[in-house]
Amino acid sequence: MEQQRSFGSHTTGTLYLVPTPIGNLGDMTIRAIEILKTVDLIAAEDTRHTQMLLNHFEIKTKTISFHEHNTQMRIPELLAKLANGETIAQVSDAGMPSISDPGKELVRAAIDAGVPVVPLPGANAATTALIASGLPPQPFLFYGFLPRKAGEKNRELEKLAHESATLLFYESPHRVGKTLAAMQTAFGDRQAALARELTKKFETFIRGSLSALQTYAAGDLKGEFVIMVEGAADKPAVDVTVPLKMQVEAIVATGAKPNAAIKLVAKQNGLAKQVVYDAYHELEK
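Have a look at this one:
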(Lines of atoms letter the chains of each structure in order from A and count residues from 1; the text may use other names and numbers.)
(Lines give C-alpha, C1' and ligand atoms only; values in the text may rest on other atoms or scores of the structure.)
Protein backbone atom coordinates (compact mmCIF):
# COMPACT_ATOMS: atom_id res chain seq x y z
CA MET A 1 0.00 0.00 0.00
CA GLU A 2 1.18 3.52 -0.84
CA GLN A 3 -0.13 6.77 0.61
CA GLN A 4 0.49 10.23 -0.83
CA ARG A 5 0.11 13.54 0.97
CA SER A 6 -0.25 15.99 -1.90
CA PHE A 7 0.74 19.07 0.07
CA GLY A 8 3.48 19.63 2.60
CA SER A 9 7.19 18.91 2.74
CA HIS A 10 8.60 16.63 0.02
CA THR A 11 12.10 15.58 -0.94
CA THR A 12 11.19 15.80 -4.64
CA GLY A 13 9.34 18.19 -6.87
CA THR A 14 5.64 17.78 -7.63
CA LEU A 15 3.94 16.73 -10.85
CA TYR A 16 0.77 18.77 -11.43
CA LEU A 17 -1.86 17.54 -13.89
CA VAL A 18 -3.47 20.68 -15.27
CA PRO A 19 -6.61 20.64 -17.44
CA THR A 20 -6.93 23.22 -20.19
CA PRO A 21 -10.06 24.61 -21.92
CA ILE A 22 -11.77 22.43 -24.52
CA GLY A 23 -12.80 25.53 -26.45
CA ASN A 24 -13.75 28.55 -24.39
CA LEU A 25 -10.70 30.12 -22.76
CA GLY A 26 -12.95 31.45 -20.02
CA ASP A 27 -13.08 27.92 -18.61
CA MET A 28 -9.46 28.15 -17.47
CA THR A 29 -9.49 28.16 -13.67
CA ILE A 30 -7.66 30.67 -11.51
CA ARG A 31 -5.78 27.85 -9.81
CA ALA A 32 -4.67 26.36 -13.13
CA ILE A 33 -3.28 29.73 -14.21
CA GLU A 34 -1.43 30.14 -10.91
CA ILE A 35 0.10 26.66 -11.14
CA LEU A 36 1.26 27.21 -14.72
CA LYS A 37 2.86 30.50 -13.68
CA THR A 38 4.72 29.10 -10.70
CA VAL A 39 5.98 25.67 -11.82
CA ASP A 40 9.50 25.31 -13.20
CA LEU A 41 8.43 23.60 -16.42
CA ILE A 42 5.31 22.80 -18.45
CA ALA A 43 5.25 19.45 -20.29
CA ALA A 44 2.89 20.06 -23.22
CA GLU A 45 1.37 17.75 -25.82
CA ASP A 46 1.93 20.42 -28.49
CA THR A 47 4.16 23.27 -27.35
CA ARG A 48 2.98 25.57 -30.14
CA HIS A 49 -0.67 25.04 -29.24
CA THR A 50 0.02 25.46 -25.53
CA GLN A 51 2.07 28.59 -26.12
CA MET A 52 -1.00 30.35 -27.50
CA LEU A 53 -2.82 29.57 -24.26
CA LEU A 54 0.14 30.74 -22.19
CA ASN A 55 0.41 33.98 -24.17
CA HIS A 56 -3.28 34.70 -23.59
CA PHE A 57 -2.82 34.46 -19.82
CA GLU A 58 0.64 36.09 -19.84
CA ILE A 59 2.35 32.97 -18.54
CA LYS A 60 6.12 32.98 -19.11
CA THR A 61 6.98 29.46 -17.91
CA LYS A 62 9.23 27.37 -20.16
CA THR A 63 7.64 24.47 -22.05
CA ILE A 64 8.92 21.09 -23.21
CA SER A 65 7.19 18.68 -25.59
CA PHE A 66 5.58 15.55 -24.16
CA HIS A 67 3.40 13.58 -26.56
CA GLU A 68 2.61 10.00 -27.58
CA HIS A 69 5.63 9.76 -29.89
CA ASN A 70 8.33 10.81 -27.38
CA THR A 71 6.88 9.46 -24.13
CA GLN A 72 9.54 6.83 -23.43
CA MET A 73 12.38 9.18 -24.29
CA ARG A 74 11.01 12.08 -22.24
CA ILE A 75 9.93 10.35 -19.03
CA PRO A 76 13.47 9.73 -17.65
CA GLU A 77 14.34 13.38 -18.32
CA LEU A 78 11.23 14.64 -16.53
CA LEU A 79 11.71 12.24 -13.61
CA ALA A 80 15.28 13.47 -13.17
CA LYS A 81 14.04 17.05 -12.95
CA LEU A 82 11.37 16.07 -10.43
CA ALA A 83 13.92 14.14 -8.36
CA ASN A 84 16.05 17.27 -8.36
CA GLY A 85 13.22 19.24 -6.76
CA GLU A 86 11.74 20.91 -9.85
CA THR A 87 7.97 21.23 -10.21
CA ILE A 88 6.34 20.27 -13.49
CA ALA A 89 2.86 20.84 -14.87
CA GLN A 90 1.64 18.40 -17.51
CA VAL A 91 -1.01 19.58 -19.98
CA SER A 92 -2.67 18.18 -23.08
CA ASP A 93 -3.99 20.24 -25.97
CA ALA A 94 -7.49 20.36 -24.47
CA GLY A 95 -9.22 18.94 -21.43
CA MET A 96 -7.82 16.57 -18.84
CA PRO A 97 -4.36 15.02 -19.19
CA SER A 98 -4.43 11.21 -19.57
CA ILE A 99 -8.09 11.15 -20.75
CA SER A 100 -7.60 10.06 -24.38
CA ASP A 101 -4.42 12.15 -24.24
CA PRO A 102 -0.81 11.68 -23.10
CA GLY A 103 -0.08 11.53 -19.39
CA LYS A 104 -0.82 8.16 -17.85
CA GLU A 105 2.71 6.79 -18.39
CA LEU A 106 4.27 9.82 -16.72
CA VAL A 107 1.82 9.58 -13.82
CA ARG A 108 2.66 5.91 -13.26
CA ALA A 109 6.39 6.58 -13.47
CA ALA A 110 6.15 9.48 -11.02
CA ILE A 111 4.18 7.39 -8.52
CA ASP A 112 6.71 4.56 -8.78
CA ALA A 113 9.49 7.07 -8.16
CA GLY A 114 7.80 8.46 -5.05
CA VAL A 115 6.95 11.81 -6.66
CA PRO A 116 3.67 13.39 -5.52
CA VAL A 117 1.10 13.71 -8.31
CA VAL A 118 -1.47 16.49 -7.84
CA PRO A 119 -4.51 16.68 -10.17
CA LEU A 120 -6.44 19.88 -10.78
CA PRO A 121 -10.15 19.78 -11.68
CA GLY A 122 -11.29 21.37 -14.90
CA ALA A 123 -12.77 21.02 -18.36
CA ASN A 124 -13.67 17.59 -19.71
CA ALA A 125 -15.63 17.00 -22.92
CA ALA A 126 -17.24 13.69 -21.95
CA THR A 127 -18.89 14.78 -18.70
CA THR A 128 -19.72 18.23 -20.09
CA ALA A 129 -21.64 16.58 -22.93
CA LEU A 130 -23.24 13.94 -20.72
CA ILE A 131 -25.06 16.32 -18.38
CA ALA A 132 -26.81 17.99 -21.33
CA SER A 133 -27.48 14.82 -23.32
CA GLY A 134 -30.85 13.96 -21.84
CA LEU A 135 -29.60 10.41 -21.23
CA PRO A 136 -29.23 8.96 -17.71
CA PRO A 137 -25.98 10.44 -16.31
CA GLN A 138 -25.48 7.72 -13.70
CA PRO A 139 -23.99 5.26 -14.12
CA PHE A 140 -21.92 6.02 -17.19
CA LEU A 141 -19.04 4.26 -18.89
CA PHE A 142 -16.43 6.36 -20.67
CA TYR A 143 -14.72 4.47 -23.49
CA GLY A 144 -12.97 7.23 -25.43
CA PHE A 145 -11.93 6.58 -29.03
CA LEU A 146 -12.93 3.24 -30.56
CA PRO A 147 -10.43 1.37 -32.77
CA ARG A 148 -10.28 2.72 -36.32
CA LYS A 149 -10.34 -0.67 -38.05
CA ALA A 150 -13.90 -1.85 -38.65
CA GLY A 151 -13.38 -5.40 -37.37
CA GLU A 152 -11.77 -4.27 -34.12
CA LYS A 153 -14.41 -1.58 -33.64
CA ASN A 154 -17.25 -4.06 -34.12
CA ARG A 155 -15.73 -6.48 -31.62
CA GLU A 156 -15.42 -3.74 -28.99
CA LEU A 157 -19.02 -2.65 -29.53
CA GLU A 158 -20.25 -6.23 -29.21
CA LYS A 159 -18.53 -6.41 -25.81
CA LEU A 160 -20.44 -3.30 -24.74
CA ALA A 161 -23.83 -4.39 -26.11
CA HIS A 162 -25.13 -5.61 -22.73
CA GLU A 163 -23.67 -2.76 -20.64
CA SER A 164 -26.50 -0.99 -18.80
CA ALA A 165 -24.60 2.26 -18.19
CA THR A 166 -24.80 5.20 -20.57
CA LEU A 167 -21.88 4.84 -22.99
CA LEU A 168 -19.59 7.75 -23.88
CA PHE A 169 -17.25 7.84 -26.87
CA TYR A 170 -15.03 10.38 -28.63
CA GLU A 171 -14.98 10.44 -32.43
CA SER A 172 -13.54 12.50 -35.26
CA PRO A 173 -16.00 14.12 -37.72
CA HIS A 174 -15.15 11.96 -40.75
CA ARG A 175 -15.82 8.70 -38.82
CA VAL A 176 -19.00 9.63 -36.97
CA GLY A 177 -21.41 8.21 -39.58
CA LYS A 178 -19.69 4.83 -39.82
CA THR A 179 -19.38 4.59 -36.05
CA LEU A 180 -23.09 5.31 -35.55
CA ALA A 181 -23.95 2.61 -38.10
CA ALA A 182 -21.70 0.13 -36.31
CA MET A 183 -23.35 1.04 -33.01
CA GLN A 184 -26.83 0.40 -34.39
CA THR A 185 -25.69 -2.99 -35.67
CA ALA A 186 -24.28 -3.94 -32.27
CA PHE A 187 -26.83 -2.26 -29.97
CA GLY A 188 -30.04 -2.00 -31.98
CA ASP A 189 -31.71 1.37 -32.59
CA ARG A 190 -31.19 2.93 -29.15
CA GLN A 191 -31.58 6.55 -28.11
CA ALA A 192 -28.37 8.54 -28.36
CA ALA A 193 -26.94 12.04 -28.53
CA LEU A 194 -24.11 13.82 -30.31
CA ALA A 195 -22.27 16.84 -28.96
CA ARG A 196 -19.94 18.90 -31.14
CA GLU A 197 -17.82 22.02 -30.70
CA LEU A 198 -18.41 22.02 -26.94
CA THR A 199 -18.07 25.45 -25.27
CA LYS A 200 -17.44 27.09 -28.66
CA LYS A 201 -19.60 29.44 -30.74
CA PHE A 202 -21.14 26.62 -32.78
CA GLU A 203 -21.75 24.21 -29.90
CA THR A 204 -24.48 21.80 -31.00
CA PHE A 205 -26.39 18.87 -29.49
CA ILE A 206 -28.22 16.37 -31.70
CA ARG A 207 -30.52 13.96 -29.88
CA GLY A 208 -32.50 11.01 -31.24
CA SER A 209 -32.25 7.37 -32.22
CA LEU A 210 -29.03 5.97 -33.67
CA SER A 211 -30.72 5.68 -37.05
CA ALA A 212 -31.86 9.31 -36.94
CA LEU A 213 -28.40 10.52 -35.96
CA GLN A 214 -26.95 8.74 -38.99
CA THR A 215 -29.09 10.99 -41.19
CA TYR A 216 -27.49 14.03 -39.56
CA ALA A 217 -24.01 12.49 -39.83
CA ALA A 218 -24.42 12.05 -43.60
CA GLY A 219 -23.71 15.78 -44.00
CA ASP A 220 -20.38 17.63 -43.99
CA LEU A 221 -19.33 17.50 -40.35
CA LYS A 222 -16.71 19.57 -38.59
CA GLY A 223 -15.34 19.58 -35.07
CA GLU A 224 -14.67 16.83 -32.56
CA PHE A 225 -17.65 14.81 -31.35
CA VAL A 226 -18.82 13.13 -28.19
CA ILE A 227 -21.19 10.23 -28.93
CA MET A 228 -23.48 9.16 -26.08
CA VAL A 229 -25.67 6.04 -26.25
CA GLU A 230 -28.21 4.81 -23.74
CA GLY A 231 -27.28 1.60 -21.98
CA ALA A 232 -28.88 -1.78 -22.54
CA ALA A 233 -32.27 -2.38 -20.98
CA ASP A 234 -32.49 -4.76 -18.07
CA LYS A 235 -32.29 -8.35 -19.22
CA PRO A 236 -35.83 -9.35 -20.17
CA ALA A 237 -37.44 -12.44 -18.77
CA VAL A 238 -37.19 -15.16 -21.38
CA ASP A 239 -40.42 -16.93 -22.35
CA VAL A 240 -39.17 -20.44 -23.00
CA THR A 241 -42.37 -21.24 -24.86
CA VAL A 242 -41.35 -18.85 -27.67
CA PRO A 243 -39.27 -20.70 -30.29
CA LEU A 244 -35.63 -19.59 -30.54
CA LYS A 245 -36.13 -18.54 -34.15
CA MET A 246 -38.93 -16.16 -33.14
CA GLN A 247 -36.84 -14.74 -30.29
CA VAL A 248 -34.06 -13.90 -32.75
CA GLU A 249 -36.51 -12.42 -35.25
CA ALA A 250 -38.00 -10.15 -32.58
CA ILE A 251 -34.56 -8.70 -31.80
CA VAL A 252 -33.66 -8.34 -35.48
CA ALA A 253 -36.88 -6.35 -35.90
CA THR A 254 -35.42 -3.67 -33.55
CA GLY A 255 -32.56 -3.09 -35.99
CA ALA A 256 -29.96 -5.53 -34.70
CA LYS A 257 -28.01 -7.76 -37.06
CA PRO A 258 -28.89 -11.50 -36.97
CA ASN A 259 -25.51 -12.52 -35.54
CA ALA A 260 -25.83 -10.01 -32.68
CA ALA A 261 -29.41 -11.19 -32.04
CA ILE A 262 -28.31 -14.83 -32.03
CA LYS A 263 -25.63 -14.06 -29.44
CA LEU A 264 -28.15 -12.26 -27.22
CA VAL A 265 -30.76 -15.05 -27.44
CA ALA A 266 -28.10 -17.64 -26.68
CA LYS A 267 -27.02 -15.71 -23.59
CA GLN A 268 -30.62 -15.16 -22.41
CA ASN A 269 -31.44 -18.85 -22.77
CA GLY A 270 -28.12 -20.15 -21.44
CA LEU A 271 -27.45 -21.97 -24.69
CA ALA A 272 -24.48 -22.31 -27.00
CA LYS A 273 -24.55 -19.83 -29.86
CA GLN A 274 -24.46 -22.68 -32.38
CA VAL A 275 -27.75 -24.07 -31.02
CA VAL A 276 -29.53 -20.76 -31.59
CA TYR A 277 -27.81 -20.31 -34.96
CA ASP A 278 -29.10 -23.70 -36.12
CA ALA A 279 -32.61 -22.93 -34.89
CA TYR A 280 -32.71 -19.52 -36.56
CA HIS A 281 -31.49 -20.88 -39.90
CA GLU A 282 -33.61 -24.04 -39.53
CA LEU A 283 -30.62 -26.29 -39.99
CA GLU A 284 -31.21 -29.99 -39.47
CA LYS A 285 -29.32 -31.67 -36.66
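So for the sequence shown, my numbering puts the first residue at 10; every next one is plus one.
Here a beta-carbon is modelled for each residue, glycine too, at the ideal position from N, C-alpha and C.
Bounding residues of the beta strand (DSSP E) (the contiguous stretch that carries residue i)
i	result
A242	Neither: A242 is in no beta strand (DSSP E) and is coded neither H nor E.
L150	149-154
S218	213-218
T175	175-180
I68	That residue, I68, is in no beta strand (DSSP E); it is neither H nor E in DSSP.
Q200	200-205
I51	50-53
L230	L230 -> no beta strand (DSSP E), and no H or E assigned at all.
L166	L166 -> not in any beta strand (DSSP E); alpha helix (DSSP H) instead, spanning 159-169.
Exposure of residue i, with buried meaning 16 or more beta-carbon neighbours within 10 Å
i	result
V27	buried
L292	exposed
E67	exposed
G123	exposed
M82	exposed
V274	buried
F75	buried
L34	exposed
T137	buried
T23	buried
N64	exposed
N163	buried
T213	exposed
K158	exposed
M61	exposed
V185	buried
I97	buried
Straight-line gap, residue i to residue j (C-alpha atoms, nearest Å)
i	j	result
E77	A135	21 Å
T175	S142	10 Å
P128	A241	33 Å
P85	T20	18 Å
I260	Q200	16 Å
R117	A270	41 Å
Q193	D49	49 Å
K282	G131	46 Å
V285	Q256	10 Å
K113	A119	10 Å
E258	F196	15 Å
R40	K46	10 Å
I51	S18	22 Å
I31	A89	31 Å
I73	L87	10 Å
R8	T80	The requested residue 8 is not part of the displayed model; the chain covers only 10 to 294.
L189	D229	15 Å
L150	L177	6 Å
N93	Q147	43 Å
L222	K231	15 Å
G264	P106	37 Å
D287	A262	19 Å
L169	Q277	16 Å
Q37	T29	A small fix is needed here, since residue 37 is Met in this sequence, not Gln. Distance between the alpha carbons of M37 and T29 is about 6 Å.
L91	K71	15 Å
L115	Y152	21 Å
I108	E161	21 Å
Whole-angstrom C-beta distance between residue j and residue i, which should lie under 8 Å
i	j	result
I236	L207	So it is not a contact: roughly 13 Å between Cβ atoms.
E239	L144	5 Å
H58	D110	Their Cβ separation, rounded to whole angstroms, is 12 Å, which puts H58 and D110 out of contact at 8 Å.
F234	R216	With a Cβ gap of about 13 Å, F234 and R216 do not count as contacting.
L165	P156	Contrary to the premise, residue 165 reads as Glu rather than Leu in this sequence. About 6 Å separates the two Cβ atoms, so the contact holds.
E297	V100	For the chain, the structure presents residues 10 to 294; residue 297 sits outside this window and is missing.
V42	Y25	A small correction: the amino acid at residue 42 is Ile; Val does not occupy that position in the sequence shown. I42 to Y25, Cβ: 12 Å. No contact.
Residue range of the unbroken alpha helix (DSSP H) whose run includes residue i
i	result
V251	Per DSSP, V251 belongs to no alpha helix (DSSP H) and is neither H nor E.
T56	56-65
L91	80-92
L189	185-196
L26	Per DSSP, L26 belongs to no alpha helix (DSSP H); it is in the beta strand (DSSP E), 24-26.
R40	39-47
Check: residue i C-beta below 6 Å from any heavy atom of the ligand MG
i	result
I140	Ligands are entirely absent from the displayed structure, and the ligand MG is therefore not among its contents.
Uninterrupted alpha helix (DSSP H) stretches inside the region 94-150 (no shorter than 4 residues):
113-121, 134-139
Item to check | 4-residue-minimum alpha helix (DSSP H) runs that sit fully inside the region 251-287, ordered along the chain | outcome: 253-261, 267-278
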